[in-house]
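Presented below is the structure to which this report refers.
Chains as they are written, first to last, in our numbering: chain A, 1 to 111; chain H, 1 to 114.
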């Protein structure tokens, strides 16, 4: 499975968009990009995932570059409750279903 | 609908003891995975089970074992506990082995080994 690289921490003002980058330069053609977040040692919460196209749901948007070597998670209007560790994960779409987590990005939303 | 549930929520054991952690997947989910999360790190994959068969194993010693029952619930067993086994143990479920589906995590069991 491809490895991912994320900045260790970011700050964002409340109400502004939070843009969290992820580098996955060794991604293969059949590997999906998943984003999860973890709030204070709770179980990771699913946010969004995609393969090639940009995706949007009620929580966030996922922008994947054309060469698929990087992606950005966008929280359009960050709130204090969005303060968490955000994980970008790349996994193969078949075989053993396992996630390889990195250390993630610790996002702090500031009032 | 209920999410993934795990029991117990917290557990304290001493070195050398054995522990069993339990997980109930979301109704209709057939795949269960286990992860270990040591403080300050991301979760690490331990096992995946699908339809009661082991489908994957991470880089963990044989002291770690698991099984999945006909109702798709699962148990994780750890023998001969070490201090380093202190961690949050997470269970995750997903419907099947379908391509591109996400998995959902439970709240975890916090294990402390003294």
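Every residue, glycine too, gets a C-beta built ideally from N, C-alpha and C. Every value quoted in this text rests on a predicted model; they were computed, and no experiment measured them.
Classification of residue i by the beta-carbon crowding that lies within 10 angstroms, buried from 16 upward
i              : result
residue 85(H)  : buried
residue 62(H)  : exposed
residue 37(A)  : buried
residue 105(H) : buried
residue 111(A) : exposed
residue 9(A)   : exposed
residue 3(A)   : exposed
residue 85(A)  : buried
residue 25(A)  : exposed
residue 38(H)  : exposed
residue 76(H)  : buried
residue 108(H) : buried
Chain A contact residues for residue i, given Cβ-Cβ distances below 7 Å
i              : result
residue 67(H)  : Chain A residues near residue 67(H): none, gap ~17 Å exceeds 7 Å.
residue 64(H)  : The premise fails here: residue 64(H) is roughly 14 Å from chain A at the closest Cβ pair, so nothing lies under 7 Å.
residue 134(H) : This structure leaves residue 134(H) out entirely; chain H is present only between 1 and 114.
Assigned secondary structure, residue i (DSSP; H/G/I helix, E/B strand, else coil)
i              : result
residue 43(A)  : coil
residue 84(H)  : helix
residue 113(A) : Given that chain A is displayed from residue 1 to residue 111, the structure contains no residue 113(A) and the question cannot be resolved.
residue 13(A)  : strand
residue 104(H) : strand
residue 19(A)  : strand
residue 66(A)  : coil
residue 65(H)  : strand
residue 32(H)  : strand
residue 72(H)  : coil
residue 26(H)  : coil
residue 13(H)  : strand
Proximal residues of chain A, C-beta to C-beta of residue i below 8 Å
i             : result
residue 45(H) : 98, 99, 100
Cutoff 8 Å: residue i Cβ touching any chain A Cβ
i             : result
residue 84(H) : no
Within-8 Å CB hit, residue i to chain H
i              : result
residue 103(A) : yes
Residues within the stretch 39-63 of chain A neighbouring chain H, beta-carbon criterion of under 8 Å
If the cut-off is 8 Å between Cβ atoms, the stretch 39-63 of chain A has 41, 42, 43, 44, 45, 46, 49, 51 near chain H.
Contact residues within the stretch 6-37 of chain H, judged by C-beta distance below 9 Å to chain A:
6, 31, 33, 35, 37
Taking beta-carbon pairs under 8 Å, can you tell me which members of the stretch 100-113 of chain H lie near chain A?
Of all residues in the stretch 100-113 of chain H, those with a C-beta nearer than 8 Å to a C-beta of chain A are 100, 102, 103, 104, 105, 106, 107, 108, 110, reading in chain order.
Select from the stretch 78-89 of chain A all residues with a C-beta closer than 7 Å to any C-beta belonging to chain H, and list them in chain order.
87
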